[in-house]
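Trainee: Before I ask anything, let me first share the structure, which is written out below as structure tokens.
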Amino acid sequence: MSQPTQQRLYDFAKMALINIFVHPYATVCDLYCGDADADKWAHAQIGHYIGIDAPSSGIDQMRETWETHRKSYTAEFFELDPCTENIETHLEEKTNMTDVVCCLQHLQLCFETEEKARKLLHNVSSLLKPGGYFLGITPDSSTIWAKYQRNVEAYHNKSSSMKPNIVPNCIRTENYMITFEVEEEKFPLFGKKYQLKFANDVSAETYCLVHFPSFIRLAREAGLEYVEIQNLTEFYDDNRAQLAGLLTHYVPNLLDPRGRLLPRSYDALGDVLIFFLYHVIVYKFLGFTITYYL
109 MSQPTQQRLY DFAKMALINI FVHPYATVCD LYCGDADADK WAHAQIGHYI
159 GIDAPSSGID QMRETWETHR KSYTAEFFEL DPCTENIETH LEEKTNMTDV
209 VCCLQHLQLC FETEEKARKL LHNVSSLLKP GGYFLGITPD SSTIWAKYQR
259 NVEAYHNKSS SMKPNIVPNC IRTENYMITF EVEEEKFPLF GKKYQLKFAN
309 DVSAETYCLV HFPSFIRLAR EAGLEYVEIQ NLTEFYDDNR AQLAGLLTHY
359 VPNLLDPRGR LLPRSYDALG DVLIFFLYHV IVYKFLGFTI TYYL
């Protein structure tokens, strides 16, 4: 069975970040790592890979994939949760030695509480060398919240003849459904959960919205400087010359002959944006004198 478009766009986003920000022979720490990305790191010609994931996450499969296929980079793996445990305790000799720390999945789970988000960013800061980057991908919480609020507003603007106890807590398309637990007027800073279910899935997965102003604030407190946040469409437009061939490889028929997104592609991407067209998050360690803008 072929991969859904959402998954292929997600893979494109990961490969695009790696191509642009990861240089050959770099030391990379991958938080909430997954075995599906082993080839991507080999393609980037990194020197050393540090995979970190929570217990019972399947990190042994990632280790087995690396050992079986004899990847060109050296690697080591640690079973711990980066949003609840102190990485410095487990990776004492690795602190301030990493060129790139990335969180290409599950970042949103760290926003269940402020304590978890703060712990994650402290761990990132402790791993990075001066001038290193923190790269991440996460669902577009601003877009999700805007769609949700439009549903709420439309409901409250309807006549009083509507059923009074209906809570407009769902966002539905033909491809997916998002369900919030309770109606709220303001964007909660932490712990705002929702269930995501794709059309072909049997069950829903639970996520948390990421409040980016709070994330930027906590990052700064951890010694990380904000550089850029973009959705994938903007990121592609800013880096079209580098990414046109890559996007065509992962998701054909989205571009015109000049490599520009077709108008119908924007419409098609609109349904995917809040899930797999991710915000691109780039942080750098304070003390580095050059700021790199996308």
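In this note's numbering, the protein residues as written are 109 to 402.
Idealized CB from N, CA, C, for every residue including glycine.
For G378, name the three-state secondary structure that DSSP assigns.
Mentor: Only weak support exists for where G378 lies, its pLDDT of 46 falling under 50; the coordinates are left without a value.
Trainee: On the premise that Y241 lies in contact with V208, defined as a C-beta separation below 8 Å, what is that separation, rounded to the nearest angstrom?
Mentor: 5 Å
Trainee: Rounded to the nearest angstrom, what separates P247 and Q115 at their Cα positions?
Mentor: 13 Å
Trainee: Give me the DSSP bridge partner(s) of D138.
Mentor: G159, C210
Trainee: Spatial neighbours of N204 within its chain, please: CB distance less than 6 Å, with the 5 preceding and 5 following residues excluded, ordered by chain position.
Mentor: Hits under 6 Å: K237.
Trainee: For F298, does the three-state DSSP call read helix, strand or coil?
Mentor: coil
Trainee: Keeping to the same chain, check which residues put their C-beta closer than 7 Å to that of L370; ignore five residues upstream and five downstream.
Mentor: L362, L363, D364
Trainee: Is it right to say S164 is buried, meaning 16 or more other beta carbons lie within 10 angstroms of its own, or is it exposed?
Mentor: Of the other Cβ atoms in all chains shown, fewer than 16 fall within 10 Å of the Cβ of S164; this residue is therefore exposed.
Trainee: Please report the residue range of the beta strand (DSSP E) in which T203 lies.
Mentor: Looking at the DSSP string, T203 is not in any beta strand (DSSP E), and its letter there is neither H nor E.
Trainee: Please confirm if the segment 286–299 is in contact with the segment 210–224, defined as three or more CB-CB distances below 8 Å between the two stretches.
Mentor: yes
Trainee: Can you tell me whether DSSP reads E329 as helix, strand or coil?
Mentor: helix
Trainee: Quick check on DSSP: helix, strand or coil for T221?
Mentor: coil
Trainee: Looking only at its own chain, which residues have a Cβ that is under 6 Å from the Cβ of F306, when we skip the five neighbours before and after it?
Mentor: Y284
Trainee: Within 8 Å, do at least three Cβ pairs link the segment 184–203 to the segment 119–128?
Mentor: no
Trainee: So if DSSP puts C316 in a beta bridge, which residue, or which two residues, is it bridged to?
Mentor: K301
Trainee: Are the CB atoms of A152 and A134 nearer to each other than 9 Å?
Mentor: One thing to note: A152 has its Cβ within 9 Å of the Cβ of A134.
Trainee: Considering only C-alpha positions, which residue in the set C191, F320, R348 is nearest to I337?
Mentor: F320
Trainee: Using CA atoms only, rank isn't needed, just tell me which of T192, L188, D189, C141 is closest to T173.
Mentor: Comparing Cα positions, the closest option is C141.
Trainee: Give the list of continuous alpha helix (DSSP H) stretches no shorter than 4 residues that lie fully inside the segment 222–251.
Mentor: With a minimum length of 4 residues, the continuous alpha helix (DSSP H) runs that stay inside the segment 222–251 are 222–235.
Trainee: Determine the direct distance from the alpha carbon of D346 to that of V359, and round the result to whole angstroms.
Mentor: 18 Å
Trainee: Among M123, C316, K227, V310, which one has its Cα closest to the Cα of S250?
Mentor: C316
Trainee: According to the Cβ coordinates, are L304 and I324 closer than 9 Å?
Mentor: no
Trainee: Would you please state the rounded distance, in angstroms, between the beta carbons of V290 and F219? I believe it to be under 8 Å.
Mentor: The pair is not a contact, with the Cβ atoms about 17 Å apart (cut-off 8 Å).
Trainee: Less than 9 Å between the beta carbons of P97 and L139, yes or no?
Mentor: No answer is possible for residue 97: the residues shown for the chain start at 109 and end at 402.
Trainee: Tell me L363's beta-bridge partners as DSSP assigns them.
Mentor: L369
Trainee: Just how far apart, CA to CA, sit L354 and A262?
Mentor: The C-alpha of L354 lies about 40 Å from the C-alpha of A262.
Trainee: Taking DSSP's pairing of strands, which residues face F129 in a bridge?
Mentor: Paired residue(s): none; F129 is not in a bridge.
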